[in-house]
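Residue numbers for the sequence shown follow my numbering, so the first one is 212 and each next one is one higher.
Just so you know, even glycine gets a beta-carbon here, dropped at the ideal spot from N, CA and C.
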Amino acid sequence: MPVAALALRFDPAVVALSYLTAAFASFVALDLAQRVRNPGALSVRIWWIAGSLSLGSGIWAMHFVGMLALRLPFAVGYDTVTTLVSWLAAVGVSAIALRVASQDRLSAKRLTLGAVSMGAGICGMHYTGMAALVLSPGIRWNWSLVAASAAVATGAAAAALVIFFWLRRLTTARQARWGQVVAALVMGAAVAGMHYTGMAAAGFAEGTVCLSTDGLRGDNLETLVAGATFALLLLTLCTSALDARVQRRTSGLQRSLHAATTELAEQAFRDPLTGLANRLLLDDRISHALARSRRDGADVALLMVNLDGFKPINDSFGHAAGDAVLREVATRLQAQARNHDTLARLGADEFVLLLEGEASEAVLAQVAQRLLDMLAGPMSIGEGSPPLRLSASVGIALHGGNREPDRTLIAQAESAAQAVKRGGGNGFAFFEAHMQDGVREQLELARDLRAVLDQAGAGQLSLHYQPKVAGDTEQVHGVEALLRWQHPQRGPVGPGTFIPVAERFGLIIPLGDWVIDEACRQLADWREQGLTLRVAINLSLQQLRQPEALLQRLQQALARHGLDASLLSCEITESAAMEDAAATERTLQRLGDLGVSLSIDDFGTGYSSLAYLRRLPVSQLKIDRSFIQDLETSADARAIVKAVIELAHALGLEVVAEGVETAGQAAELRARRCDKLQGFLFARPMPADDLTRWALRSEHRGQATSPGFSDSVFASPAG
212 MPVAALALRF DPAVVALSYL TAAFASFVAL DLAQRVRNPG ALSVRIWWIA GSLSLGSGIW
272 AMHFVGMLAL RLPFAVGYDT VTTLVSWLAA VGVSAIALRV ASQDRLSAKR LTLGAVSMGA
332 GICGMHYTGM AALVLSPGIR WNWSLVAASA AVATGAAAAA LVIFFWLRRL TTARQARWGQ
392 VVAALVMGAA VAGMHYTGMA AAGFAEGTVC LSTDGLRGDN LETLVAGATF ALLLLTLCTS
452 ALDARVQRRT SGLQRSLHAA TTELAEQAFR DPLTGLANRL LLDDRISHAL ARSRRDGADV
512 ALLMVNLDGF KPINDSFGHA AGDAVLREVA TRLQAQARNH DTLARLGADE FVLLLEGEAS
572 EAVLAQVAQR LLDMLAGPMS IGEGSPPLRL SASVGIALHG GNREPDRTLI AQAESAAQAV
632 KRGGGNGFAF FEAHMQDGVR EQLELARDLR AVLDQAGAGQ LSLHYQPKVA GDTEQVHGVE
692 ALLRWQHPQR GPVGPGTFIP VAERFGLIIP LGDWVIDEAC RQLADWREQG LTLRVAINLS
752 LQQLRQPEAL LQRLQQALAR HGLDASLLSC EITESAAMED AAATERTLQR LGDLGVSLSI
812 DDFGTGYSSL AYLRRLPVSQ LKIDRSFIQD LETSADARAI VKAVIELAHA LGLEVVAEGV
872 ETAGQAAELR ARRCDKLQGF LFARPMPADD LTRWALRSEH RGQATSPGFS DSVFASPAG
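Encoded structure:
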């Protein structure tokens with residue numbers, strides 16, 4: 212007989228209960244899918260087994276409650292063994308679902324196999340459960356609807372897997388929770404749809420008798436099964452939530468531990484001020500770079516960037532300003548480095564750039580020039596302070612492909628940088644073998660000189676004074692202070708030896724400061740003895756680059772000894788004056804405003820012109836000794852000297868010839884109206900006490916000796 216009327220009679224309340232069971236089971240399934248992905252093999256296995264049992268029971272309960280929703284005109288019961296087999300099928304389906312959900316990605320192949328396996332398992336569970344209902348005659352099946360239920364089961368399984376992986380994309384906890392709720396409702400509807408499609412495929416003949424009434428049966432059985440299942444699922448969900456909380460706390464502790472470990476590693480391998488690599492990390496990077504170079508033949512180059520005159524920034528503006536400058540320098544250099552390059556800070560003002568890849572000399576020269584140009588831009592150190600312009604000495608070393616020690620590359624780059632610094636800085640040079648000649652001796656001299664300066668000269672440093680005489684009268688009007696070092700072990704060390712060492716190892720600024728203080732002290736001492744000599748001191752390029760520190764040192768020294776600034780003259784070499792013409796002009800203008808007189812030393816050896824010098828507030832030119840030496844034998848030298856003197860006089864500048872050693876040279880200079888002469892012909896540089904005795908003897912003898920001292924150098928007697 213037709214079976215449609217009997218098959219479609221369902222209790223609506225029980226149907227709703229079955230749907231809620233399916234939705235809740237789906238919600239728990241989605242939550243469990245996260246647990247089986249947690250790290251830890253044992254944890255994942257435990258959750259997979261427990262989750263399969265719990266989720267399988269939930270799916271089976273939905274199916275069993277759904278069957279109980281069917282109202283038949285005869286008493287029914289369910290075979291216990293067959294029902295147990297259907298429960299095992301549900302557990303198996305759940306195990307497959309959780310296994311697929313635990314994977315990192317859902318490929319098309321994995322989705323197809325998972326959906327088919329789960330669909331077959333769901334159908335097996337459903338139709339095994341239906342077989343637990345033993346009837347006579349048996350159920351008549353509508354095979355079209357059976358096929359439809361199988362398709363719905365497979366589609367529902369595929370949808371569930373897609374939803375599992377879709378939820379992982381949600382970024383916030385709120386999105387994930389609401390997404391899980393909506394997904395559970397959809398999945399519950401899909402599972403219920405499959406079940407009731409399968410139920411619709413069953414037909415019952417009139418007069419059918421149930422032969423399994425002694426099996427599972429009873430009033431409110433559906434409520435009991437649903438309640439027990441809900442309790443099991445709720446317990447599983449609570450356990451899952453508790454585990455998730457523990458996992459989050461554990462993950463948080465692990466992240467904190469990882470962050471602390473990372474921070475410690477950063478502190479161990481990073482410069483704390485700039486965040487750049489430190490020497491330890493640089494050494495490691497160099498070792499790996501050289502190993503790759505030996506293996507693959509790749510180029511490796513090292514650029515040492517040594518800031519010119521950085522120490523006076525700390526001295527003049529404080530360490531906070533110095534730190535700000537270093538951070539800005541690091542930022543600018545980092546902007547020029549590629550992602551795979553290593554930029555490190557080795558010392559207070561030393562930076563290193565490690566390059567791998569193409570490193571031809573042409574490319575490296577371009578890189579070095581870009582670094583110099585980047586550093587040359589104005590740099591602010593705080594409100595109320597004028598912007599600074601930095602320069603640097605860049606040394607470049609190329610890996611030769613041999614088995615030399617890793618530290619050799621750094622030493623070579625440093626030697627090249629120091630060679631640039633000795634030449635005045637603000638440039639770059641490639642390493643050459645001769646740059647490391649006498650390095651050990653220079654290190655020892657630098658160590659000793661630093662110790663001497665720390666002890667304010669320690670009785671080893673002194674100033675000797677060489678007179679400047681008038682070209683027409685040969686009377687002494689002033690002297691030039693020349694630095695001398697009497698080393699306790701080495702004996703006299705010439706300026707040509709220790710001045711380059713001071714420039715190379717950053718000691719030229721404190722050495723220049725000592726000269727300023729000592730010259731002013733000696734001027735005050737001479738004043739007490741009745742002498743008012745004008746003293747000329749030499750300024751280094753590094754001092755000119757730090758005008759604030761230089762002016763402050765001069766002002767303090769003059770004020771401390773109560774001196775008129777006009778008694779002090781500052782000599783600047785022509786090459787130093789031309790290093791940064793605009794900056795030099797500003798610095799010399801400020802020195803002139805202070806009251807000291809200014810002189811261009813070694814004129815003729817640089818690339819300046821008298822037209823440019825006319826803009827500088829200088830009052831004196833000193834012709835370089837190289838022209839004076841050839842004055843008697845070279846017509847070209849005489850022509851050059853004559854032209855310099857005439858043009859200087861036309862510009863209102865006084866001319867001094869240094870290195871005068873013969874009477875013939877002096878006669879040639881006098882014939883060309885040179886204002887002042889200086890050299891061994893008149894006097895060698897002498898200690899201050901010897902000069903004092905000479906001056907006083909000249910006064911007592913009425914200036915009978917030649918050369919004598921001008922009346923202007925003696926103080927007027929007290930009235």
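Residue i - DSSP class collapsed to helix/strand/coil
i: E843; result: coil
i: T795; result: helix
i: E857; result: helix
i: P250; result: In this prediction, P250 has a pLDDT of 49, which is less than 50 and means its spatial position is unreliable; what the coordinates show is noted afterwards. Looking at P250 - three-state DSSP - the assignment turns out to be coil, as it is neither helix nor strand.
i: H772; result: coil
i: I497; result: helix
i: F376; result: helix
i: S921; result: coil
i: A224; result: helix
i: L484; result: coil
i: A630; result: helix
i: Q677; result: strand
i: Q666; result: coil
i: F838; result: helix
i: P598; result: coil
i: G682; result: coil
Assumed close pair residue i, residue j - CB separation to whole angstroms, cut-off 8 Å
i: G636; j: S602; result: 6 Å
i: L827; j: E782; result: That pair is no contact at about 13 Å.
i: V357; j: A412; result: 5 Å
i: G332; j: I307; result: 6 Å
i: L842; j: E872; result: About 10 Å; that fails the 8 Å criterion.
i: D290; j: A224; result: Their Cβ separation, rounded to whole angstroms, is 26 Å, which puts D290 and A224 out of contact at 8 Å.
i: A624; j: M515; result: 4 Å
i: T408; j: A369; result: Contact flag wrong, Cβ pair sits at about 16 Å.
i: A734; j: L774; result: It is worth fixing the name first, because residue 734 is Leu in this sequence and not Ala. Contact holds; Cβ gap of about 6 Å.
Closest Cα partner of residue i within the set the options
i: L564; options: A548, V574 and A412; result: A548
i: H499; options: V511, A368 and Q623; result: V511
i: L660; options: L693, L722, F642 and S626; result: L722
i: W696; options: L491, E872, A776 and P898; result: P898
i: G863; options: I851, G325, E879 and D886; result: D886
i: E643; options: L620, V345, Q840 and W725; result: L620
i: A286; options: V373, D425 and L264; result: D425
i: A877; options: L902, R849, E569 and A859; result: R849
i: C421; options: R490, G349 and A640; result: G349
i: A608; options: P598, A587, S591 and F639; result: F639
Buried or exposed by the 16-neighbour rule on C-beta atoms within 10 Å, applied to residue i
i: V924; result: buried
i: P703; result: exposed
i: W354; result: exposed
i: E655; result: exposed
i: K320; result: exposed
i: E652; result: exposed
i: A589; result: Reading off the sequence, residue 589 comes out as Pro, not Ala. Per the 10 Å Cβ criterion, exposed.
i: T323; result: exposed
i: R756; result: buried
i: W271; result: buried
i: H551; result: exposed
i: E857; result: exposed
i: P483; result: exposed
i: A439; result: Any reading at A439 is ruled out, since the residue's pLDDT is 49, under 50, leaving its predicted position unreliable.
i: L750; result: buried
First and last residue of the uninterrupted beta strand (DSSP E) at residue i
i: I811; result: S808 to F814
i: G689; result: Q686 to H698
i: G868; result: The sequence shown places Ala at residue 868, rather than the Gly named in the question. Counting along the chain, the beta strand (DSSP E) containing A868 begins and ends at E865 to E869.
i: E561; result: E561 to E567
i: W704; result: Correcting the residue type first, residue 704 is Val in the shown sequence and not Trp. G702 to V704 is the extent of the beta strand (DSSP E) around V704.
i: Q889; result: K887 to Q889
Where the alpha helix (DSSP H) containing residue i begins and where it ends
i: P721; result: I719 to E739
i: I333; result: A319 to A342
i: S786; result: E785 to A788
i: G875; result: A874 to A882
i: A587; result: E572 to A587
i: Q754; result: L752 to L755
Closer than 8 Å to chain D by CB, residue i
i: S328; result: Protein chains in the displayed structure number just one, and chain D is not present.
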